[in-house]
Each structure stands twice: as C-alpha cells, then as structure tokens.
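Engineer: Please see the structure below; I have some questions.
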Amino acid sequence: MMISFILNNQLINTEQPSGMVLLDFIRYEMHLMGTKAGCREGDCGACTVLEGVLEGDEVRYKSIVSCLTPLGNVHGKHIVTIEGLQKDQLSPVQQTIVQNAATQCGFCTPGFVMSLTAHSLAPEASDKEKTIAAISGNICRCTGYKSIEHAAEDLSSILEKKDNNDPLGWLIEQAFLPEYFRNIAERLKKIKPRNVAPGTGIPVGGGTDLFVQKAAALHDVDLQFMSAYEKGHRIEFLDKTCVMDAEVTTSQIMQNELLQHYFPRLKEYFKLISSEPIRNMGTLAGNIINASPIADLVIFFLALDAQLQLERNGNIRKIALREFYTGYKTTRLEKGEIIEKIEFLLPAENAAFNFEKVSKRQHLDIASVNSALLIRTEKNIIVQAHLSAGGVFAFPFYARETIKFLEGKEIDIQVLLEAATVLQNEIAPISDIRGSKAYKSLLLRQLFFAHFVELFPNLISIDSLLEKIAS
Ligand SMILES: Cc1cc2nc3c(=O)[nH]c(=O)nc-3n(C[C@H](O)[C@H](O)[C@H](O)COP(=O)(O)OP(=O)(O)OC[C@H]3O[C@@H](n4cnc5c(N)ncnc54)[C@H](O)[C@@H]3O)c2cc1C
Ligand code: FES
Ligand code: FES
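The sequence shown maps to residues 1071 to 1541 in the numbering used here.
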C-alpha cells in the first residue's frame, strides 16, 4: 500500500509496511537521527514529532510520539522532526533552552523542542501553566527540570506577543518555523485521501495500546487504520444526547467547549490521563477495546451510562457500555465488529458529575483506583445514580448494588457509610504492582466519599465524615 505524506519539506511516497513505526522510518529509512529512540513505550517523549492534519485550508499541528505511530496513520499528514525546524539559526524555543541551560547530555532535548513547538502552534493563547503542560510527556534524566521549567516560562512570555490574526505568519517571521510551512496546506491537499473500506485487518486507533511492546509483531500484519475514515472524529449534540465517533481522541474530548460546559472540571480530570502527546493520539474506541480494568475513559463514560454502536458489514447493533465486558480483557465485541460510535445523555440540570483518580504519580501514570459518579437529586433525595470504579474488579466496574442501595435515599453521612459497605462487598480487587487488595478497597471507599464531599459540600464535609467514622 502506498503511503504518502510530507516529512519536513519533502513529499514521501513509500511502500514500507503500514505497521512500521514512524520512528524507525525517520531514523533508519530517512537517516534523520535527531528524533531519539528512548523507551519505545510512549513514556519518555524523546521521539516526539509534530503531526499536522489538514482542516479546511489550515493545518492543525499537535505533538505525537513517533515510537507508537504506525506509518499507516500518517498518510496525508505533515510530519515535522527537529531537522524540519530552522537550519541556519536556533528557533526561539531552542534559544530559551540554551539561555536557561535546560539541556545537558541533550538526548531528550529534540523531544522537548518539538513539544514546545507544538505548543507555539496551538490556537489557544499561551500561558505558563499551558506551556509546562505541553511538556508533560517529556522526561529528562539530567537537568532536574527547574531549568526546563524556566525555559518554558520564558517561551510563554514570547508567545504572549503572538499575532492572532496571522499566527503562522508571525511564527515564521519570528523564526519558530521555516518559510516552507506557508505552503504545506496546499501541498497536503494534493495527496489523495485514503478512505479505507471497513472490515479487514486489526483495527488501529492511535496505536498507543497496540504498539506498546508489540511494534515488531505488528510490522507486517494486515492493519485497518480507523483514523483514515474521513468522518471519524465528530462530537455531535443532538437534542439531549451527545454522539461521538469512536475515533475521537482524548484531547478532542478534553477540548470540546460544549462538553466543558456540561462537565466544568473536564480539563482537570483529563489532565490526569496519560500525557499531551498520548492524549493527542489515543482514541475512545481504543480505550474501550483495550478493556483495561483501570481504563480512565471507560470509567468516565460508564458513569454516563454510555451506549456503544457496533458495526460489521453494514449491520449495526447497540449495547450498553456496562454490559460490554465479560471478564478480564474480554468483551461482547464479535469477530469483525468495530465500535462506530458512543452516545450518552447529557447530564440534566439537577445532575452532578465527578471523576476521581489516584495513581502512584499524579501525572503520566495509570490509575491505582479511579471512579466516577453521575447523580441526579431532587431535594437531596437521590433519584438516579451511575457509579463506576476501576482497579477493583477484573474489568471496569459498574456498581449495580451500590446504585440500587442509593436510589431513593436522602444524602446523609449514615446513608453514605452504609452505601460504602455495599460497595466494598460488590468489588473484587486483587493485589498487584499498583497496590494490595486491602489498599485498593480502602482507596475506593475514600473516592466514593470524595464524590459526595466534592459535589455536596453543604451536606457532606470531610470533618463531619471523619467525626462519624470515629464515633
Ligand atoms: C505512556 C502511556 C500512558 C497511558 N496512560 C493512560 C492513562 O493514564 N489512562 C488510560 O486509560 N490509558 C492510558 N494509556 C493507554 C492508551 O493511551 C489508551 O487506552 C488509549 O485510549 C488507547 O487508544 P488507541 O486509539 O491508541 O488504541 P489502539 O492502540 O489503536 O487500539 C487499542 C485496541 O482497540 C482496538 N480498536 C481501536 N479502534 C477500534 C474500533 N473503532 N473498533 C474496534 N476495535 C478498535 C485495537 O484493535 C486494539 O485492540 C496510556 C498509554 C501510554 C502509551
Ligand atoms: S521512545 Fe520514549 S516515548 Fe517514544
Ligand atoms: S539533557 Fe540528558 S536526558 Fe535531558
């Protein structure tokens, strides 16, 4: 299969296997050695590059990790490596790194530069917090981070002056980007889109689960690139329902303004999921099919009682997400079926939602235990609840018994204590690297209380809870 894309300033037409990872193509076919091979698991960010996607007449850039990106996913896109930035002078991103002594051995530095360049290209206004968040997927073994943080802060001050009427022109004038960036949109338009017919090969979303540790095994197999579907990335609002294409990425959900309206803390919750480049790549369908017991998006959407739309050869069936899992890493997806859409009812006015996640590190870590609650009340009586929990069962858990117990009851501390006991009795955590069975059980109890402390501060306070537990 011919894969065509622009790498820096060069049009590439290659017949290399679509399962070859971009990192290997860049380094070993194109001999561009600035992109480093570190962990090959999406963790270190040494292999970060820019991915530009044509949207109308503009190209939207984001950071991705090339070690988990199969070549088949870059067809029709613009990929930029460190060599694709200025050759004759340092860009302002590079200058701030030099001026702050934010590089030592230099192995991680191209990755940091690409993440910060992606941030410079982002449509939203820059600030210090966002600039530092942009390097959430980059690890440095040498500098101790303070100098990198200072470089990010200096960059953010420069970006405050960006001309929002012509951001690309400004970035080129200021030497963030070379001149050839002006014509990329026109050049991408000339590459014929590859609208793959559904139905053959292993489905690939962003590749952030599939290509971890298994990249070699996927090199030559038949793959079905789901992101090639032209209309695969829509988030639509129909009356009181939200319908998402299965291939929407974590970043797309996080940045959707209407969803932010319905879930005001959405950005905070999703910042706890992986890192910026992984969120830019990982899809909702991938998270659901991976079926990890701690899958964050699944926990989020279970509490919204989401429905999946499955498709095979034009036949469509629907299934509730809470009915989808049958055991550890097993689901009701049949052979040849794909997830096409996910839909859920938007929270009603008298509903409140909360998501909690505890992991060993606050950022760039998978959960020890996570949980979400959607609750609808009338005069403090719980009329409807959906409660999910990860890390406490063989698959993402929907707490049926606890929900049954809660519905119809008035929110008070005694009810919550009794509900927490029901919850403890219906879960089945196991001891593993993320904590002992007892620890996870206790953690979920605390997260369950945390939902109510967060959502109903007038009814449930930490002090009153502690007092009652002690009595
Ligand atoms: C460094 C790192 C950090 C991470 N941190 C987190 C985290 O904090 N929380 C978390 O929940 N996850 C985390 N993940 C896991 C991963 O990023 C997510 O699960 C992501 O949503 C997977 O999506 P994907 O599109 O990349 O999946 P892929 O790897 O493309 O696919 C995963 C599975 O889904 C199947 N699939 C994909 N699309 C479809 C479809 N439409 N229909 C049927 N099957 C399909 C594939 O065949 C495969 O079996 C992390 C991963 C990495 C590498
Ligand atoms: S090599 Fe570490 S993220 Fe790609
Ligand atoms: S400068 Fe050595 S790893 Fe960052």
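Just so it is clear, CB atoms sit at the ideal spot from N, CA and C, and this is done for glycine as well.
#1: Could you check whether the Cβ of K1337 sits closer than 8 Å to any Cβ belonging to chain D?
#2: Is the separation between the beta-carbon of S1441 and that of S1458 shorter than 8 Å?
#3: Ligand 1 and S1161: does any heavy atom of the ligand fall closer than 7 Å to the residue's C-beta?
#4: For the 8 Å Cβ check, are there 3 or more pairs between the stretch 1137-1147 and the stretch 1271-1280?
#5: Spell out the partners DSSP gives I1445 in its beta bridges.
#6: Is it buried or exposed, D1533, if we count other Cβ atoms within 10 angstroms and call 16 or more buried?
#7: On the criterion of 16 or more Cβ atoms from any shown chain inside 10 Å, does N1083 qualify as buried, or is it exposed?
#8: Any heavy atom of ligand 2 closer than 7 Å to the Cβ of A1222?
#9: Report the start-end ranges of each beta strand (DSSP E) in the stretch 1148-1198 that is 3 residues or longer and not cut off at the edges.
#10: DSSP three-state label for K1474, please.
#11: Can you tell me where the beta strand (DSSP E) with E1223 in it begins and where it stops?
#12: I need the DSSP call for L1241, collapsed to helix, strand or coil.
#13: Give the range of the alpha helix (DSSP H) segment to which P1347 is assigned.
#14: Count the other C-beta atoms from every protein chain shown that fall within 10 angstroms of the C-beta of S1185, then say buried if there are 16 or more, exposed otherwise.
#15: Q1330 lies in the beta strand (DSSP E); which residues open and close that run?
#16: Classify R1387 as buried or exposed, calling it buried when 16 or more other Cβ atoms lie within 10 Å of its own Cβ.
#17: Going by Cα to Cα distance, which pick from Q1377, E1393 and E1128 is closest to E1593?
#18: Does at least one heavy atom of ligand 2 sit under 7 Å from the Cβ of D1315?
#19: Going by beta carbon distance, what residues of the same chain come within less than 6 Å of L1138, once the five residues before and after it are set aside?
#20: What are the boundary residues of the beta strand (DSSP E) that includes E1128?
#21: Using the DSSP secondary-structure output, state which residues sit across from F1075 in a beta bridge.
#22: Can F1371 and L1403 be called in contact, C-beta distance under 8 Å?
#23: Do you know offhand how far F1463's Cα is from Q1325's?
#24: Within the same chain, show all residues whose beta-carbon is closer than 6 Å to that of V1523, passing over the 5 residues directly before and after it, in chain order.
#25: What is the rounded straight-line gap between the Cα of H1189 and the Cα of A1204?
#26: Which residues have a Cβ closer than 7 Å to any heavy atom of ligand 3, listed in chain order?
#27: Quick check for students: name the residue ranges of the alpha helix (DSSP H) that lie wholly in the stretch 1503-1530, counting only runs of 4 or more.
#28: Can you name, in chain order, every residue of its own chain whose Cβ lies under 6 Å from the Cβ of M1351, other than the five neighbours on each side?
Structural biologist: In brief:
#1: This model lacks chain D altogether, as it is built from one protein chain only.
#2: By 1-based counting over the sequence shown, the position of residue 1441 is 371. By 1-based counting over the sequence shown, the position of residue 1458 is 388. Yes, the pair counts as a contact, with Cβ atoms nearer than the cut-off.
#3: What you label residue 1161 is simply residue 91 of the sequence shown in a count that begins at 1. Not so, every heavy atom of ligand 1 lies at least 7 Å from the Cβ.
#4: Yes, since at least three Cβ pairs between the stretch 1137-1147 and the stretch 1271-1280 fall closer than 8 Å, the two stretches touch.
#5: Your numbering for residue 1445 matches position 375 in the sequence shown. A1422 and A1455.
#6: Residue numbering aside, residue 1533 sits at position 463 when the sequence shown is read from its first letter. Exposed is the call here.
#7: Against the sequence shown, residue 1083 aligns to sequence position 13. N1083 is exposed by the Cβ-count criterion.
#8: Your numbering for residue 1222 matches position 152 in the sequence shown. For ligand 2, no non-hydrogen atom lies closer than 7 Å to the CB of A1222.
#9: Segments of the beta strand (DSSP E) lying fully in the stretch 1148-1198: 1148-1150.
#10: Residue mapping note: residue 1474 aligns to position 404 of the sequence shown, counting from 1. Helix at K1474.
#11: Reading the sequence shown from its first residue, position 153 is the one you call residue 1223. Element bounds for E1223: not the beta strand (DSSP E) but the alpha helix (DSSP H), K1216 to L1229.
#12: Numbered from 1 along the sequence shown, position 171 holds the residue referred to as residue 1241. DSSP places L1241 in the helix class (H, G or I) of the three-state scheme.
#13: For the purposes of this step, residue 1347 is identified with residue 277 of the sequence shown, where counting begins at 1. Start and end: E1346 to M1351.
#14: As a working mapping, residue 1185 is identified with position 115 in the sequence shown. By the C-beta density criterion, S1185 is buried, having at least 16 other C-beta atoms within 10 angstroms.
#15: As a working mapping, residue 1330 is identified with position 260 in the sequence shown. Careful: Q1330 lies outside any beta strand (DSSP E), inside the alpha helix (DSSP H) at E1327 to Y1332.
#16: Within the sequence shown, residue 1387 is the residue found at index 317, counting from 1. Counting the other CB atoms within 10 Å of its CB gives R1387 a total below 16, which places it among the exposed residues.
#17: Any answer about residue 1593 is impossible in this case: the structure gives the chain only from 1071 up to 1541.
#18: For the purposes of this step, residue 1315 is taken as the residue at position 245 of the sequence shown. Not one heavy atom of ligand 2 falls within 7 Å of the beta-carbon of D1315.
#19: Along the sequence shown, one-based indexing puts residue 1138 at 68. Sequence-distant partners of L1138 (beyond 5 residues in either direction) whose C-beta falls short of 6 Å from its own C-beta, in its chain, are G1112, G1277, T1278 and F1281.
#20: If you number the sequence shown from 1, residue 1128 lands on position 58. Taken as a continuous stretch (DSSP letters only), the beta strand (DSSP E) holding E1128 covers E1128 to V1135.
#21: Here residue 1075 corresponds to residue number 5 of the sequence shown, with the count starting at 1. F1075 is bridged to I1082.
#22: Your numbering for residue 1371 matches position 301 in the sequence shown. Your numbering for residue 1403 matches position 333 in the sequence shown. Between F1371 and L1403, the C-beta gap is not smaller than 8 Å, which leaves the two residues out of contact.
#23: Taking the sequence shown and counting its residues from 1, one reaches residue 1463 at position 393. Taking the sequence shown and counting its residues from 1, one reaches residue 1325 at position 255. Within the model, the alpha-carbon separation for F1463 versus Q1325 is close to 30 Å.
#24: For the purposes of this step, residue 1523 is taken as residue 453 along the sequence shown, with counting starting at 1. These residues qualify, in order along the chain: I1530 and I1532.
#25: Walking along the sequence shown from the start, residue 1189 turns up at place 119. Walking along the sequence shown from the start, residue 1204 turns up at place 134. For the pair H1189 and A1204, the Cα-to-Cα distance works out to about 6 Å.
#26: Matched residues: T1173, Q1174, C1175, G1176, F1177, C1178, T1179, C1210, R1211, C1212 and T1213.
#27: Positions of the alpha helix (DSSP H) runs, each at least 4 residues long and wholly inside the stretch 1503-1530, are given as 1507-1525 in order along the chain.
#28: Taking the first residue of the sequence shown as 1, we reach residue 1351 at position 281. For M1351, where only same-chain residues beyond five positions count, the Cβ hits under 6 Å are I1134, G1276 and T1278.
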